[in-house]
Amino acid sequence: ENHTEVVQDLFLTLLEKGYIYKAKVSQPYCPQCNRFLPDRYIEGTCPFCGSAGARGDQCDECGKPMNPAELLNPRCRLCAAAPVFEESEHFFLKLSAFQKKLLEWVKPKSHWRKNVLNFTTRYLEDGLKDRAITRDIDWGVPVPLEGYENKRIYVWFEAVIGYLSASKEWAKSGGDGEGWRPFWEGDDSKSYYFIGKDNIPFHTIIWPAMLMGYGGLNLPYDVPSNEFLTIEGRKLSTSHNWAVWLPDYLSRYAPDPLRYLLSINMPESGDTDFS
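Residue numbers (the UniProt record's numbering): 1 to 275.
If you want it as structure tokens, here you go:
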């Protein structure tokens, strides 16, 4: 309930300020499953790097966010059928309005890791595209407007707001409903976001843009991002069952050698392979 309230407050504030707008767009629709296919419900070939396993919201190989319509050879992840495209009205975050301001904010960040700074700067210089923030699904945070009961605020927009909503929840649970403010509004407060490289654009571009548009809240101070840990050159992925499972490892080996390996092989500046 708290998270929903915080998400809807940001949504309505950005809408009121003109940073969210409505537009009709062509969306992938599976005739076999009889449903729209947002983001991870569709996959295909990345138009930027050629990876065959790109999703409708982002390519894990090159890290670039995208729209489902940009995928090459798209297919439904539920039944593998080729989708058709149908028109649907959605709300968009006006990222293009923040491009200049974000560049001015990012360029002086000499304390950021080079991989984060270079990726973010290159991404911004390529030009920001506005992104749809609602989906035709039946789960997630409801759009707080009449007439949009069948649409939801999608996870890539609302998930990062969890940092703020969790802070507010923590403050309430401690008996001080305003206790979150020093962290988010204090002049001496610094926030660090420890992430993987596939989440860089969400934390150095999208979340800061949302905070800029909302106003009055501190932007990230640092976003320390690791590259990928791989096995046989492939990124670890629990969804693709390509991982070292800790219960299995610990049933046969002691934990300290693994701790040592990870500490000396941490992918801080480039992908490293687990062997």
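Just so you know, even glycine gets a beta-carbon here, dropped at the ideal spot from N, CA and C.
Item: Extent of the continuous alpha helix (DSSP H) to which residue 282 belongs; Value: This structure leaves residue 282 out entirely; the chain is present only between 1 and 275.
Item: Residue closest to D126, alpha-carbon to alpha-carbon, out of I20, S269, K64; Value: K64
Item: Test item: CB-CB of Q8 and V141 under 8 Å; Value: yes
Item: C-beta atoms of I200 and F119 nearer than 8 Å; Value: yes
Item: Where T120 falls: helix, strand or coil (DSSP); Value: helix
Item: Same chain, Cβ closer than 6 Å to C46, neighbours up to 5 away in sequence not counted; Value: A54, C59
Item: Of the residues G162, C62, K172, F157, the one placed nearest T134, counting alpha carbons only; Value: F157
Item: Simplified DSSP assignment, three categories, for P142; Value: strand
Item: Residues that V25 bridges to, as DSSP identifies them; Value: S88
Item: Beta-carbon contacts of L12 that lie in its chain and below 7 Å, excluding the five residues immediately before and after; Value: P144
Item: Close beta carbons around G179, own chain, < 7 Å, minus the five adjacent residues each side; Value: A171
Item: CB contact flag (C33, C62, <8 Å); Value: no
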